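> Following this note's numbering, the numbering of the sequence shown begins with 185 at its first residue and continues without gaps. Before I ask anything, here is the structure I am working with.
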Amino acid sequence: MTAKRALITGVTGQDGAYLAALLLKEGYEVFGLARRSSSSDVNLSRLDWLGITSDVRIVDGNLLDLSGMIRTLREVKPDEIYNLAAQSFVKSSWQQPLLTGQVTGLGVVNLLEAIRLESPNARFYQASSSEMYGLIQESVQTETTPFYPRSPYAVAKLYGHWITVNYRESYGLHASSGILFNHESPLRGIEFVTRKVTHCIAKIKLGLAQELRLGNIDAKRDWGHSKDYVRAMWLMVQQDIADDYVIATGRTTTVRDMCKIAFEHANLEMDRYLVIDPDLFRPAEVDVLLGSPAKATAAFGWTPTISLEEMIVEMVDADLKRLSNLKSL
Ligand code: NDP
Ligand code: GDP
Numbered sequence: 185m186t187a188k189r190a191l192i193t194g195v196t197g198q199d200g201a202y203l204a205a206l207l208l209k210e211g212y213e214v215f216g217l218a219r220r221s222s223s224s225d226v227n228l229s230r231l232d233w234l235g236i237t238s239d240v241r242i243v244d245g246n247l248l249d250l251s252g253m254i255r256t257l258r259e260v261k262p263d264e265i266y267n268l269a270a271q272s273f274v275k276s277s278w279q280q281p282l283l284t285g286q287v288t289g290l291g292v293v294n295l296l297e298a299i300r301l302e303s304p305n306a307r308f309y310q311a312s313s314s315e316m317y318g319l320i321q322e323s324v325q326t327e328t329t330p331f332y333p334r335s336p337y338a339v340a341k342l343y344g345h346w347i348t349v350n351y352r353e354s355y356g357l358h359a360s361s362g363i364l365f366n367h368e369s370p371l372r373g374i375e376f377v378t379r380k381v382t383h384c385i386a387k388i389k390l391g392l393a394q395e396l397r398l399g400n401i402d403a404k405r406d407w408g409h410s411k412d413y414v415r416a417m418w419l420m421v422q423q424d425i426a427d428d429y430v431i432a433t434g435r436t437t438t439v440r441d442m443c444k445i446a447f448e449h450a451n452l453e454m455d456r457y458l459v460i461d462p463d464l465f466r467p468a469e470v471d472v473l474l475g476s477p478a479k480a481t482a483a484f485g486w487t488p489t490i491s492l493e494e495m496i497v498e499m500v501d502a503d504l505k506r507l508s509n510l511k512s513l
């Protein structure tokens, strides 16, 4: 039997790297769409971290380029397509609302059009987000909770979500949307709050920083581990019938309490180092997110396996290791 082929957009990002590792383990041929950058051609540091760079076949491309997407599908002939590419940082979406709309929103329909024209039998996964719930309309969010996006990012993701549903209903594409709550790991971008915290604590520990500046530490998030969440993406795509699923842990924690876990693990006193910076507050905030993965659990047995505490400890240790290595160079 020939190996299945998967195409991952956003393969250079956090989830792209973990998903590539999972699919390789499952015996897939993995192709990753990556955009060229002038400084380093393509940034493969996350694939390097997982030791899989030479196993992933990088395809040059950009979600904004429809003709390139069509050509990519013609060449790769994927069985499964995972659309993880996005301008994914909420705060930047107020600085770059149009770009965020183009990549995170319209980029999805570029890819869906390419699939409709070139690979209509391929299965498609869209990386939707709990940010779409924004100003929450129900205390526990599920697939039926109404959306109320609170940032240009969330508005763009809402377009991506509904256009995925629409192409499924209009053209019968096997297109699923995973509404994933925040998920983190040592490979998380340094601008997101968990990694910002663990990276800064490692710097403090090594004498490279004196303080940690944060914005709204009363915000609450339902945090899981990227490794668990990419498994949910894959399982979703294996279902006979495409559908939408919430992926979450069912536990919500304040940014303050998440920080405490990290400071305690590093044996540092949080109150000595934490500074609240009003410039880091957002024009509109998502105060609390809490999801129920009950539908995914019932459909394909998914449950999270890594706790917030285990994840934060892993992240602090990974940042300490990375920075210690740099320091000793
Ligand atoms: P990252 O920010 O780590 O990765 C985003 C990826 O998108 C990068 O590989 C980036 O490439 C790529 N990309 C950006 N713009 C383009 C473009 N125009 N064309 C092609 N590629 C592009 O995100 P995560 O891995 O954390 O998240 C994966 C997806 O899941 C994203 O869509 C995100 O919005 C969504 N999501 C994430 C959640 C989370 O908590 N992590 C929660 C819910 C949804 P480059 O390396 O060149 O910048
Ligand atoms: P988001 O949920 O996708 O926006 O993920 P983030 O990790 O960027 O932010 C999670 C929460 O942490 C939000 O409510 C932010 O307002 C809050 N937060 C508080 N201080 C900071 C900070 O310095 N950086 C980031 N990224 N978020 C912060």
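Built from N, CA and C at the ideal position, the CB exists for glycine as well. Keep in mind the model is a prediction, meaning the values are calculated, not measured.
#1: Could you check whether Ile347 and Val287 sit closer than 8 Å to each other, using their CB atoms as the reference points?
#2: For the alpha helix (DSSP H) holding Thr256, just list the boundary residues, first then last.
#3: How many Å lie between Ile460 and Ala468 at the Cα?
#4: Check whether the Cβ of Ser314 lies closer than 7 Å to any heavy atom of the ligand NDP, and answer yes or no.
#5: Using only the alpha-carbon positions, how far apart do Glu210 and Trp233 sit?
#6: Does the region 433-450 come into contact with the region 396-408, if we say contact requires no fewer than three beta-carbon pairs (one atom in each stretch) closer than 8 Å?
#7: So, for Arg334: in the same chain, excluding its five sequence neighbours on each side, which residues have a beta-carbon less than 8 Å away from its beta-carbon?
#8: Since I believe Met442 is in contact with Thr378 (beta carbons under 8 Å), could you give me their beta-carbon distance rounded to a whole number of angstroms?
#9: Sort Ala201, Gly197, Ala298 and Glu322 by Cα distance to Gln271 and report the nearest one.
#10: So, is Gly391 buried or exposed, given that buried needs 16 or more other C-beta atoms within 10 angstroms?
#11: Under 5 Å, CB to any heavy atom of the ligand GDP. Which residues pass, going along the chain?
#12: Just confirm the distance between the C-beta atoms of Ala269 and Gly194, as a whole number of angstroms; I'd bet it's less than 8 Å.
#13: Taking the continuous beta strand (DSSP E) assigned at Asp244, which residues delimit it?
#14: Strictly by DSSP, which residues pair up with Ala190?
#15: I'd like the span of the beta strand (DSSP E) that includes Ile460, first residue to last.
#16: How would you call Thr328, buried or exposed, if buried means at least 16 neighbouring beta carbons within 10 angstroms?
#17: Mind checking Thr487: buried by the 16 CB within 10 Å criterion, or exposed?
#18: Quick check: Ala480 and Tyr413, are their CB atoms within less than 8 Å of each other?
#19: Exposed or buried, Met499, counting other C-beta atoms within 10 Å across all chains shown (16 or more means buried)?
#20: According to DSSP, is Phe376 helix, strand or coil?
#21: Taking the straight line between their C-alpha atoms, what separation do you get for Met185 and Ser312?
#22: CB Leu203 to CB Met253, shorter than 8 Å?
#23: With Gln279 as the anchor, note down where its alpha helix (DSSP H) starts and where it stops.
#24: According to DSSP, is Ala502 helix, strand or coil?
#25: Indicate whether Leu217 and Val243 have their beta-carbon atoms separated by less than 8 Å.
#26: Here's the rule: buried if 16 or more other CB atoms are within 10 angstroms of the residue's CB, otherwise exposed. What is Gln321?
#27: The beta strand (DSSP E) spanning Val195 covers which residue range?
#28: Over the uninterrupted beta strand (DSSP E) stretch that includes Asp428, give me the two end residues.
#29: Determine the burial state of Asp199: buried for a count of at least 16 other Cβ atoms within 10 Å of its Cβ, exposed for fewer.
Based on what the coordinates show:
#1: As a first step, residue 287 must be located in the sequence shown, where it is residue number 103. As a first step, residue 347 must be located in the sequence shown, where it is residue number 163. Annotated as distal: Val287 and Ile347, with beta-carbon spacing of 8 Å or more.
#2: As a first step, residue 256 is located in the sequence shown; it is residue number 72 there, counting from the start. Looking at the DSSP string, the run of the alpha helix (DSSP H) that includes Thr256 is Leu250 to Val260.
#3: The residue you call residue 460 lines up with position 276 of the sequence shown. The residue you call residue 468 lines up with position 284 of the sequence shown. The alpha-carbon atoms of Ile460 and Ala468 are separated by roughly 17 Å.
#4: Here residue 314 refers to the residue found at position 130 when the sequence shown is read from its first residue. Because some heavy atom of the ligand NDP lies under 7 Å away, the Cβ of Ser314 counts as near it: yes.
#5: Here the question's residue 210 lines up with position 26 in the sequence shown. Here the question's residue 233 lines up with position 49 in the sequence shown. Distance between the alpha carbons of Glu210 and Trp233: 19 Å.
#6: Contact between the region 433-450 and the region 396-408 is established, with three or more Cβ pairs separated by less than 8 Å.
#7: In the sequence shown, the residue the question calls residue 334 occupies position 150. So the qualifying residues of the chain are Glu315, Gly318, Leu319, Ala468, Glu469 and Val470.
#8: The count along the sequence shown starts at 1 and reaches residue 378 at position 194. The count along the sequence shown starts at 1 and reaches residue 442 at position 258. About 6 Å separates the beta carbons of Thr378 and Met442, which is inside the 8 Å limit, making them a contact pair.
#9: If you number the sequence shown from 1, residue 271 lands on position 87. For the residues Ala201, Gly197, Ala298 and Glu322, the minimum Cα distance to Gln271 belongs to Gly197.
#10: Along the sequence shown, one-based indexing puts residue 391 at 207. It counts as exposed.
#11: Residue selection by CB proximity (closer than 5 Å to any heavy atom of the ligand GDP) returns Val274, Phe376, Val377, Leu398, Gly399, Asn400, Ala403, Val439 and Leu464 in chain order.
#12: Looking up residue 269 in the sequence shown gives position 85. Looking up residue 194 in the sequence shown gives position 10. Contact holds; Cβ gap of about 4 Å.
#13: Taking the sequence shown and counting its residues from 1, one reaches residue 244 at position 60. For Asp244, the enclosing beta strand (DSSP E) begins and ends at Arg241 to Asp244.
#14: Locating residue 190 in the sequence shown gives position 6, where the first residue counts as 1. For Ala190, which the question treats as bridged, DSSP gives the partners Val214 and Glu264.
#15: Within the sequence shown, numbered from 1, the residue matching residue 460 stands at position 276. First-last of the beta strand (DSSP E) with Ile460: Leu458 to Ile460.
#16: As a working note, residue 328 is residue 144 in the sequence shown. With fewer than 16 other Cβ atoms within 10 Å, it is exposed.
#17: Locating residue 487 in the sequence shown gives position 303, counting from the first residue. Exposed is the label assigned to Thr487, since fewer than 16 other Cβ atoms lie within 10 Å of its Cβ.
#18: Here residue 480 is taken as the residue at index 296 of the sequence shown, counted from 1. Here residue 413 is taken as the residue at index 229 of the sequence shown, counted from 1. The answer is no: Cβ separation not under 8 Å.
#19: Stepping through the sequence shown from its first residue, residue 499 is reached at position 315. It is buried - the Cβ of Met499 has at least 16 other Cβ atoms within 10 Å.
#20: As a working note, residue 376 is residue 192 in the sequence shown. Coil at Phe376, not helix or strand.
#21: Against the sequence shown, residue 185 aligns to sequence position 1. Against the sequence shown, residue 312 aligns to sequence position 128. Taking the CA atoms as reference points, Met185 sits about 33 Å from Ser312.
#22: Your numbering for residue 203 matches position 19 in the sequence shown. Your numbering for residue 253 matches position 69 in the sequence shown. Cβ atoms of Leu203 and Met253: not closer than 8 Å.
#23: Here residue 279 corresponds to residue number 95 of the sequence shown, with the count starting at 1. Gln279 -> alpha helix (DSSP H) spans Ser276 to Gln279.
#24: Taking the sequence shown and counting its residues from 1, one reaches residue 502 at position 318. Helix, per DSSP.
#25: In the sequence shown, the residue the question calls residue 217 occupies position 33. In the sequence shown, the residue the question calls residue 243 occupies position 59. Cβ distance < 8 Å, so Leu217 and Val243 count as in contact.
#26: For the purposes of this step, residue 321 is identified with residue 137 of the sequence shown, where counting begins at 1. By the 10 Å Cβ count, Gln321 comes out exposed.
#27: To locate residue 195, count along the sequence shown from 1; it is residue 11. Premise fails: Val195 is in no beta strand (DSSP E) and is neither H nor E.
#28: Residue mapping note: residue 428 aligns to position 244 of the sequence shown, counting from 1. It spans Asp428 to Ile431 - the beta strand (DSSP E) in which Asp428 sits, taken as one unbroken run.
#29: What you label residue 199 is simply residue 15 of the sequence shown in a count that begins at 1. Per the 10 Å Cβ criterion, buried.
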